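Participant: Take this structure, written in structure tokens, and hold onto it; I'll ask about it next.
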Amino acid sequence: MPTTFTGGRGVNSQDLDIPKRMSFVSGASQLKDLEDGSYVGVKTPEHVPIGARPPEGEGGAIREGGMPVLTSKENLGLLFEYAAVGLVYGLLPETIYPFMQEYLNCSGAQVTAASQLVVLPWSFKVFYGILSDCLPICGYRRRPYMLIGWGICFIMLLVMRIMPIGKPYFTNAADRDVDIADYTPEIEARINYDAPSEGAKYVMLMFFAAFGYVMPDVCADSITCELAQREPLDKRGKTQSYYGGTFDFSLSFPQLMIIVTVLTIPVFPMTWFFIKEEKVERANLKEYISSFWDLLCTRAVYQVIAYNFFSNIFADITYTGSSPIQDYMVVGTALELALMIVVTGAVVIIVDCTVSMIVVWDVFRNQWFWLGPPIAVQLPYGVGWIISTFVTVELAGLSNEAAVYGLITTVTNVASPFASALTLVIDAPFNITNARVQEDDHSIRRDLTYTIIIMYAMTAFAWVFLFLLPKQKEDTQRLLRKGGKSKLIGGITVFYLCFAIVWSVMTNIMAIFESTACLVIAGGTGC
74 MPTTFTGGRG VNSQDLDIPK RMSFVSGASQ LKDLEDGSYV GVKTPEHVPI
124 GARPPEGEGG AIREGGMPVL TSKENLGLLF EYAAVGLVYG LLPETIYPFM
174 QEYLNCSGAQ VTAASQLVVL PWSFKVFYGI LSDCLPICGY RRRPYMLIGW
224 GICFIMLLVM RIMPIGKPYF TNAADRDVDI ADYTPEIEAR INYDAPSEGA
274 KYVMLMFFAA FGYVMPDVCA DSITCELAQR EPLDKRGKTQ SYYGGTFDFS
324 LSFPQLMIIV TVLTIPVFPM TWFFIKEEKV ERANLKEYIS SFWDLLCTRA
374 VYQVIAYNFF SNIFADITYT GSSPIQDYMV VGTALELALM IVVTGAVVII
424 VDCTVSMIVV WDVFRNQWFW LGPPIAVQLP YGVGWIISTF VTVELAGLSN
474 EAAVYGLITT VTNVASPFAS ALTLVIDAPF NITNARVQED DHSIRRDLTY
524 TIIIMYAMTA FAWVFLFLLP KQKEDTQRLL RKGGKSKLIG GITVFYLCFA
574 IVWSVMTNIM AIFESTACLV IAGGTGC
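What follows is the structure in structure tokens.
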């Protein structure tokens with residue numbers, strides 16, 4: 074989804090108020106010449122503070138180096154990184170519905186929580202970024218961590234392939250179409266009522282697989298951020314919009330795991346031989362953290378964080394009846410950034426809400442009707458996400474690219490599981506269970522309608538926070554120069570982000586285990 078912006082020549086680096094532009098506590102990392110992979114003598118090394126603004130390039134580019142060529146040998150590995158991440162990221166969450174809902178017959182609340190736990194490591198991207206920025210391995214900040222992350226992911230996928238899958242909830246597939254009121258003693262005897270409790274171990278394995286592949290994604294993001302900063306102002310953001318993709322499969326769970334395990338093997342050599350990286354010295358952790366804190370206290374950063382967090386909380390609130398509906402009711406840049414987000418969001422609401430209501434009230438039920446429009450609205454979702462990340466490139470400085478990019482995307486990612494936790498609490502009074510959805514009477518249709526209305530009302534309310542998002546890239550730079558700092562708001566920002574992470578982890582883990590899923594905080598009705 075390439076998006077092109079037009080603008081002036083950009084801001085001259087000599088005009089920047091450096092203390093306001095970024096955090097500039099002195100760092101230990103200094104640029105050095107490389108010869109045969111080792112450090113050589115450096116003449117009068119120039120002090121380069123952590124977070125310093127890179128030397129400005131031509132055409133308003135933030136960083137020197139010229140327009141990057143994405144298909145060159147030094148950048149080709151990035152394409153494989155994002156392709157591999159897209160494969161695993163697109164596949165693991167999509168196994169939740171067929172495996173946990175269809176195979177194990179888990180509740181809607183459990184499925185909702187599991188869907189978030191599988192992607193929960195994305196909420197910790199900022200910590201991955203700090204690790205990568207501060208602790209290079211053998212002088213390299215990115216590639217070794219990429220290999221370690223893929224190694225963890227590979228092992229988890231292999232374990233899921235080898236581990237016995239167990240019996241399904243309906244050991245006889247024909248029993249799925251029988252109404253609960255018509256269950257005979259024979260049917261009840263062959264139903265595996267323990268199946269829903271088996272889902273937690275698979276979710277945790279997928280969680281650790283995600284824990285692994287998020288690391289190479291963070292490192293790839295930091296490199297992408299550096300490349301995007303080399304683009305002229307009128308083209309900046311083009312590199313970011315090049316990467317993306319999804320995958321869908323219809324195979325058994327073990328078959329799926331072995332396929333994705335095999336497909337991740339080529340990423341190991343591609344990571345090491347086709348990604349260019351220069352050796353650096355280890356950064357001073359104390360100075361790095363101090364610099365990062367100063368960055369958090371700048372208005373440009375905490376304002377963008379507030380937009381991404383609060384708007385995404387309300388935009389990501391869903392309803393727990395989504396997966397049971399699919400199981401039982403469906404058979405078989407010239408514009409301002411804020412305006413583009415409103416337009417794409419409105420398209421999503423209109424299309425998705427219309428489909429949901431038609432299916433819930435039995436006007437028309439068909440699997441392709443249920444799946445088609447939601448797939449189509451992923452384009453507006455993607456446009457909104459790309460737009461909200463454009464400002465990230467404007468915020469990153471030298472030696473903290475991974476942490477800054479990770480911070481902004483962490484905020485977006487942590488909002489999703491926090492919204493999931495709120496969804497469980499909001500929908501708990503409506504008692505949306507598999508049994509009620511399977512009965513498909515007027516009361517469950519009414520309650521589902523209420524939850525759907527709440528969801529889209531929250532999505533629309535998310536637009537209230539658009540005033541926090543800079544209108545254009547030039548506005549982001551202006552805010553960095555003149556926006557000032559506030560340690561109080563910086564502290565508040567850290568507090569609500571930490572609270573959201575802890576709350577999300579706690580409630581979503583509770584929701585997938587049968588012994589704690591009944592708690593109100595986990596979306597249950599009480600134990």
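Count along the sequence shown from 1, add 73, and you get the number used in the working numbering. All C-beta atoms in this analysis are idealised placements derived from N, C-alpha and C, irrespective of residue type, glycine included. The model shown is predicted, which means the values in this text are computed figures rather than measured ones.
Apart from the five residues on each side of it in sequence, which residues of its chain come closer than 6 Å, Cβ to Cβ, to Gly285?
Facilitator: Against the sequence shown, residue 285 aligns to sequence position 212. Cβ neighbours of Gly285 beyond the five flanking positions: Gly222, Ile225, Cys226.
Participant: In chain order, what residues of the same chain have a beta carbon less than 6 Å from the beta carbon of Arg509, not counting five sequence neighbours either side?
Facilitator: In the sequence shown, counting from the first residue as 1, residue 509 sits at position 436. Ile517, listed in sequence order.
Participant: Ile390 to Glu351, Cα distance in whole Å?
Facilitator: What you label residue 390 is simply residue 317 of the sequence shown in a count that begins at 1. What you label residue 351 is simply residue 278 of the sequence shown in a count that begins at 1. Approximately 42 Å, taken between the alpha carbons.
Participant: Look at the alpha carbon of Ser295 and the alpha carbon of Phe200, and state the distance between them as a whole number of angstroms.
Facilitator: Translated into positions along the sequence shown, residue 295 becomes position 222. Translated into positions along the sequence shown, residue 200 becomes position 127. Computed Cα separation, rounded: 13 Å.
Participant: Tell me which residues share the same chain as Pro166 and place their Cβ nearer than 8 Å to its Cβ, disregarding the 5 neighbours each side in the sequence.
Facilitator: Taking the sequence shown and counting its residues from 1, one reaches residue 166 at position 93. Once the five neighbours on either side are set aside, the close Cβ partners of Pro166 are Ser188, Val191, Val192.
Participant: Using a Cβ distance threshold of 8 Å, determine whether the region 151-159 contacts the region 544-557, with at least three qualifying pairs required.
Facilitator: Not touching, per the Cβ criterion.
Participant: State the Cα-Cα distance for the pair Met531 and Ser205, rounded to the nearest angstrom.
Facilitator: Here residue 531 is taken as the residue at index 458 of the sequence shown, counted from 1. Here residue 205 is taken as the residue at index 132 of the sequence shown, counted from 1. For Met531 and Ser205, the distance between alpha carbons rounds to 36 Å.
Participant: Mapping DSSP to helix, strand and coil, what is Thr334?
Facilitator: Looking up residue 334 in the sequence shown gives position 261. Reduced to three states, the DSSP call for Thr334 is helix.
Participant: Along the chain, where does the alpha helix (DSSP H) containing Phe365 start, and where does it finish?
Facilitator: On the sequence shown, residue 365 is found 292 positions in, with the first residue counted as 1. First-last of the alpha helix (DSSP H) with Phe365: 358-369.
Participant: Classify Thr524 as buried or exposed, calling it buried when 16 or more other Cβ atoms lie within 10 Å of its own Cβ.
Facilitator: Position 451 of the sequence shown holds residue 524. By the neighbour-count rule (16 or more Cβ atoms within 10 Å), Thr524 is buried.
Participant: So, do the region 560-569 and the region 367-381 have three or more beta carbon pairs nearer to each other than 8 Å?
Facilitator: Touching, yes.
Participant: Output the boundary residues of the alpha helix (DSSP H) element that contains Asn507.
Facilitator: The count along the sequence shown starts at 1 and reaches residue 507 at position 434. Per DSSP, Asn507 belongs to the alpha helix (DSSP H) from 507-512.
Participant: Measure the C-alpha to C-alpha separation of Met579 and Ser180 and round it to an integer number of angstroms.
Facilitator: Stepping through the sequence shown from its first residue, residue 579 is reached at position 506. Stepping through the sequence shown from its first residue, residue 180 is reached at position 107. Their backbone Cα atoms lie some 18 Å apart in a straight line.
Participant: From the DSSP secondary-structure annotation, give me the bridge partner or partners of Phe243.
Facilitator: The residue you call residue 243 lines up with position 170 of the sequence shown. Phe243 is bridged to Ile264.
Participant: With distances taken from CA atoms, which of Ser270, Phe534, Ile431 is nearest Glu587?
Facilitator: Translated into positions along the sequence shown, residue 587 becomes position 514. Comparing Cα-Cα distances from Glu587 to each of Ser270, Phe534, Ile431, the minimum goes to Ser270.
Participant: For Tyr602, does the three-state DSSP call read helix, strand or coil?
Facilitator: Absent from the structure is residue 602, since the part of the chain shown begins at 74 and ends at 600.
Participant: Using CA coordinates, which residue listed in Phe197, Leu177, Leu164 is at the minimum distance from Val575?
Facilitator: Along the sequence shown, one-based indexing puts residue 575 at 502. Checking every option, the nearest Cα to that of Val575 belongs to Phe197.
Participant: Helix, strand or coil for Ile390 per DSSP?
Facilitator: Stepping through the sequence shown from its first residue, residue 390 is reached at position 317. Coil.
Participant: Please go through the region 155-236 and give each complete alpha helix (DSSP H) segment of 4 or more residues, from N-terminal end onward.
Facilitator: If we require 4 residues or more, the alpha helix (DSSP H) runs fully inside the region 155-236 come out as 181-190, 198-207, 216-235.
Participant: Using 8 Å as the threshold, is the region 208-220 in touch with the region 249-266, meaning 3 or more CB pairs across them?
Facilitator: With the cut-off at 8 Å, the region 208-220 and the region 249-266 do not touch.
Participant: Have a look at Val232 and Ala273 and give me their C-alpha separation to the nearest angstrom.
Facilitator: Here residue 232 refers to the residue found at position 159 of the sequence shown. Here residue 273 refers to the residue found at position 200 of the sequence shown. So the alpha carbons of these two residues sit roughly 15 Å apart.
Participant: From what residue to what residue does the alpha helix (DSSP H) around Ile526 run?
Facilitator: The count along the sequence shown starts at 1 and reaches residue 526 at position 453. 515-534 is the span of the alpha helix (DSSP H), which, as asked, contains Ile526.
Participant: Rounded to a whole number of angstroms, what is the C-alpha to C-alpha distance between Thr168 and Glu360?
Facilitator: Here residue 168 refers to the residue found at position 95 of the sequence shown. Here residue 360 refers to the residue found at position 287 of the sequence shown. C-alpha separation (whole angstroms): 43 Å.
Participant: How close, in whole Å, do the beta carbons of Gly479 and Thr344 come, if the pair is a contact with beta carbons under 8 Å?
Facilitator: For the purposes of this step, residue 479 is taken as the residue at position 406 of the sequence shown. For the purposes of this step, residue 344 is taken as the residue at position 271 of the sequence shown. Wrong, their Cβ atoms sit about 18 Å apart, outside the cutoff.
Participant: Between Cys292 and the rest of its own chain, which residues show a CB-CB distance below 6 Å, the 5 nearest in sequence each way excluded?
Facilitator: The residue you call residue 292 lines up with position 219 of the sequence shown. Within the same chain, Cys292 has close Cβ partners Ser205, Arg215, Tyr218, Met219.
Participant: Take Phe346 and list the residues in its own chain whose beta-carbon comes closer than 8 Å to its own, dropping the five residues that flank it on each side.
Facilitator: Here the question's residue 346 lines up with position 273 in the sequence shown. These residues qualify, in order along the chain: Gly150.
Participant: Does Lys558 come out as helix, strand or coil in the three-state DSSP assignment?
Facilitator: Counting from one through the sequence shown, the residue named residue 558 turns up at place 485. In the structure shown, Lys558 sits in a strand (DSSP, three-state: E or B).
Participant: DSSP three-state call for Cys591: helix, strand or coil?
Facilitator: Indexing the sequence shown from 1 puts residue 591 at position 518. Cys591 falls in the coil class under three-state DSSP.
Participant: Please state if the CB of Tyr380 and the CB of Leu541 are separated by a distance shorter than 7 Å.
Facilitator: The residue you call residue 541 lines up with position 468 of the sequence shown. The residue you call residue 380 lines up with position 307 of the sequence shown. In this structure, Tyr380 lies closer than 7 Å to Leu541 by Cβ.
Participant: Counting only the same chain and skipping the five closest in sequence on each side, list residues whose C-beta sits under 7 Å from that of Pro209.
Facilitator: Counting from one through the sequence shown, the residue named residue 209 turns up at place 136. Here the set comprises Val353, Arg355.
Participant: Which value, in whole angstroms, describes the spacing of the CA atoms of Leu164 and Arg554?
Facilitator: Looking up residue 164 in the sequence shown gives position 91. Looking up residue 554 in the sequence shown gives position 481. Using only the alpha carbons, I get a separation of about 42 Å.
Participant: How close, in whole Å, do the beta carbons of Cys211 and Leu358 come, if the pair is a contact with beta carbons under 8 Å?
Facilitator: Within the sequence shown, residue 211 is the residue found at index 138, counting from 1. Within the sequence shown, residue 358 is the residue found at index 285, counting from 1. That pair is no contact at about 18 Å.
Participant: Near Ala476, what residues of its chain come up, given a Cβ to Cβ distance below 7 Å and the 5 sequence neighbours on each side ignored?
Facilitator: Counting from one through the sequence shown, the residue named residue 476 turns up at place 403. Closer than 7 Å at the Cβ level, and outside the excluded window around Ala476, lie Val199, Gly202, Ile203, Asp206, Phe365.
Participant: Which same chain residues end up closer than 7 Å to Ile585 when comparing Cβ atoms and leaving out the 5 residues on each side of it in sequence?
Facilitator: By one-based count along the sequence shown, residue 585 stands at place 512. These residues qualify, in order along the chain: Gln183, Ala186, Ala187, Leu190, Gly272, Ala273, Val276.
Participant: Measure the beta-carbon distance from Asn265 to Pro241 and round it to whole angstroms, keeping in mind my assumption that it falls under 8 Å.
Facilitator: Within the sequence shown, residue 265 is the residue found at index 192, counting from 1. Within the sequence shown, residue 241 is the residue found at index 168, counting from 1. So it is a contact: roughly 7 Å between Cβ atoms.
Participant: So, is Asp250 buried or exposed, given that buried needs 16 or more other C-beta atoms within 10 angstroms?
Facilitator: Indexing the sequence shown from 1 puts residue 250 at position 177. When all chains shown are included, Asp250 counts as exposed.
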